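Chemist:
In UniProt numbering, the protein residues as written are 1 to 560.
1) Please name the residue, chosen from 227, 107, 110 and 161, that lies closest to residue 126 on a Cα-to-Cα basis.
2) Which residue comes first and which comes last in the beta strand (DSSP E) that contains residue 209?
3) Could you tell me whether the segment 508-516 touches the segment 401-419, where touching means 3 or more Cβ pairs closer than 8 Å?
4) Report yes if the C-beta distance between residue 319 and residue 301 is below 7 Å; otherwise report no.
5) Would you check if the segment 146-161 and the segment 468-475 touch, i.e. whether three or more CB-CB distances between them fall below 8 Å?
6) With distances taken between CB atoms, is the gap from residue 372 to residue 354 smaller than 7 Å?
7) Do you know how far the Cα of residue 93 is from the Cα of residue 480?
8) DSSP state of residue 425, grouped into three classes?
9) So what's residue 544 in DSSP terms, helix, strand or just coil?
10) Decide if residue 108 is buried, meaning its Cβ has at least 16 other Cβ atoms within 10 Å, or exposed.
11) Closest Cβ-Cβ distance between residue 227 and chain B: below 7 Å?
12) What residue from 482, 515, 474 and 519 has the CA that sits closest to residue 494's CA?
13) Using a Cβ-Cβ cut-off of 7 Å (strictly less than) and excluding sequence neighbours within five positions of residue 432, which residues of its own chain qualify?
14) Give the C-beta separation of residue 159 and residue 184 to the nearest angstrom, bearing in mind that I take them to be a contact with Cβ-Cβ under 8 Å.
15) Hey, residue 342 and residue 333: beta-carbon distance below 7 Å or not?
16) Go ahead and pull the three-state DSSP assignment for residue 69.
17) Can you tell me where the alpha helix (DSSP H) holding residue 295 begins and where it ends?
18) Spatial neighbours of residue 547 within its chain, please: C-beta separation below 7 Å, excluding the five flanking residues on both sides.
19) Out of 120, 531, 557 and 121, state which residue places its alpha-carbon closest to the alpha-carbon of residue 337.
20) Examine the Cβ distances between the segment 286-296 and the segment 198-208 and report whether three or more of them are shorter than 8 Å.
21) So residue 418 and residue 394 are supposed to be a Cβ contact under 8 Å. How far apart are they, rounded?
22) Along the beta strand (DSSP E) that carries residue 498, what are the first and last residues, could you check?
23) Between the C-alpha atoms of residue 536 and residue 363, what's the straight-line distance to the nearest angstrom?
24) Just the C-alpha distance for residue 233 and residue 200, rounded to the nearest angstrom, thanks.
25) Answer yes or no: do residue 533 and residue 335 have a C-beta to C-beta separation smaller than 7 Å?
26) So, helix, strand or coil for residue 408, using DSSP?
27) Mind checking whether residue 388 and residue 430 have CB atoms under 7 Å apart?
Structure (structure tokens):
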């Protein structure tokens with residue numbers, strides 16, 4: 001075999017793929033190239049690497065790229081020079097200084113945009129204090145107020161990753177280079193600062209909730225209002241029905257105050273209303289400018305974050321002193337880099353109830369099969385976590401792991417086995433799973449999201465037909481909770497998360513940041529540039545320990 005020719009072909013193919021941002025496929029091909037180097041046999045290693053690398057991230061986060069190149073000075077089989085291409089810099093791992101270059105690039109990428117980037121502003125002492133009931137000279141112990149350690153230093157950082165992987169083959173490994181070298185990845189710590197860049201009594205702040213409903217929206221709205229008033233802001237408004245409220249005639253601003261929002265967290269939904277889609281960014285910013293809004297708090301998922309970033313960029317382009325801060329809202333938990341989004345825990349809890357109902361139905365019937373379809377547009381986090389929490393699921397199907405229904409290794413054959421051995425079974429499937437088995441609808445919603453074909457109904461029909469054809473009675477109980485998992489009040493875990501995210505969003509705006517999102521990373525609360533979290537949806541890593549735990553719980557085999 002002509003190794004130099006093969007490696008050259010790899011180089012050309014990978015480069016073309018990189019231009020199109022096909023990150024996962026690039027990673028797979030990269031790992032195949034490593035296998036080729038060690039084995040000398042492309043065909044024998046192809047299946048191995050396709051299986052072991054599915055869902056992994058070669059560059060440490062799913063929006064980064066990996067590139068291969070052949071070394072010019074080589075004899076015999078050409079060794080592979082490994083390079084990683086990030087958003088702004090190309091790294092050659094043969095360069096002794098690659099770690100320094102990576103960290104410099106990382107710091108640049110995760111540096112937070114500020115209104116002082118376009119305005120020459122001097123900060124003032126913060127008006128945020130929790131020592132209101134104490135005398136002006138100091139606290140009850142005689143400690144001066146300026147000595148109070150309740151503020152976050154601008155140089156405080158939180159570590160994004162804490163596991164040092166010894167090998168790319170470690171479960172869930174996210175490696176920057178082939179040796180899995182340890183490189184610190186720091187992000188900005190969230191919280192109140194000693195100095196702020198707005199005069200609170202002059203600020204007009206607006207809150208908007210976009211996309212679909214999500215448990216905890218009212219909790220976040222409530223805490224944003226509370227925290228704004230703590231700073232001294234009097235002019236707070238809500239924009240009704242998402243971005244639509246900026247341009248739709250007849251939709252007026254909703255005045256907000258502690259008195260008005262004090263109890264809205266006791267109900268689900270959104271006090272302000274939601275909608276998908278919106279006008280052009282320029283029209284929204286025209287409205288922001290006309291309304292003299294100084295701070296805009298945007299609650300939403302990936303699409304909403306992209307919109308918030310576009311608004312932020314347009315405001316900078318016009319040199320407007322406007323802080324745009326997002327709060328990550330999605331039950332799907334599919335936003336990059338953060339531990340979880342608000343609403344996810346509550347959705348899992350509600351989904352678990354549907355699974356438990358399916359279990360009772362299946363367990364009580366002769367040859368009962370409980371089938372539950374759960375939300376999960378781009379990822380299977382709800383299905384995976386609900387399956388784990390219930391402990392009653394025999395088969396969990398998610399979009400990140402391909403499967404077949406028919407054949408010797410298909411899902412239907414496994415259901416036969418389960419009925420023979422235990423007499424009943426429970427199946428949990430994410431809405432985006434198995435779309436390759438269905439005819440594409442081609443339709444999209446107002447946000448531009450593809451409307452999936454119904455995998456739940458399809459599986460229900462296939463299961464019934466299969467067992468009828470083989471002459472085995474089967475009683476299929478299909479449950480689709482869909483909107484029930486998102487239209488409820490936030491549970492205790494989400495309520496706490498919403499409280500902190502809402503407060504930190506206000507702290508970030510007063511600190512002069514814009515184009516950021518308030519989130520939780522590695523159990524610590526942090527600010528991230530919106531640009532770093534909207535490059536792609538976060539997905540379940542099939543090589544992660546959490547997915548392995550789910551497989552251990554269900555006991556399911558590979559369905560392919």
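For every residue, glycine included, the Cβ atom is placed at its ideal position computed from N, Cα and C.
The structure presented is a predicted model; accordingly, all values stated were derived computationally and were not measured.
Modeler: So, from the data block:
1) Cα-wise, what sits closest to residue 126 is 227.
2) 204-209 is the extent of the beta strand (DSSP E) around residue 209.
3) The segment 508-516, when compared against the segment 401-419, does not touch it at the 8 Å Cβ threshold.
4) No, they are not a contact pair.
5) No contact exists between the segment 468-475 and the segment 146-161.
6) Remark: C-beta atoms of residue 372 and residue 354 approach each other more closely than 7 Å.
7) Near 49 Å, if we compare the C-alpha coordinates of residue 93 and residue 480.
8) When DSSP states are grouped into helix, strand and coil, residue 425 belongs to the strand group.
9) Three-state result, residue 544: coil.
10) Per the 10 Å Cβ criterion, exposed.
11) Absent from the structure: chain B. Only one protein chain is present.
12) For residue 494, the nearest C-alpha among the options comes from 519.
13) Around residue 432: 376, 377, 378, 399 and 452.
14) Indeed, because the Cβ distance is near 7 Å, the residues count as touching under 8 Å.
15) Not in contact: residue 342 and residue 333 (Cβ atoms no closer than 7 Å).
16) With a pLDDT of 40 at residue 69, under the threshold of 50, the modelled position of this residue cannot be trusted, and the question is left open.
17) Unbroken run through residue 295 is the beta strand (DSSP E), 295-300; no alpha helix (DSSP H).
18) Answer for residue 547: 384, 540 and 541, listed in chain order.
19) Of the candidates 120, 531, 557 and 121, the residue whose Cα lies closest to the Cα of residue 337 is 531.
20) Result yes; three or more Cβ-Cβ pairs closer than 8 Å.
21) About 6 Å separates the two Cβ atoms, so the contact holds.
22) Counting along the chain, residue 498 falls outside any beta strand (DSSP E), though it belongs to the alpha helix (DSSP H) covering 492-510.
23) The alpha-carbon of residue 536 is positioned some 40 Å away from that of residue 363.
24) Counting only the Cα atoms, residue 200 lies some 5 Å from residue 233.
25) The Cβ atoms of residue 533 and residue 335 lie closer than 7 Å to each other.
26) Residue 408: coil per DSSP, three-state reduction.
27) Not closer than 7 Å, so no.
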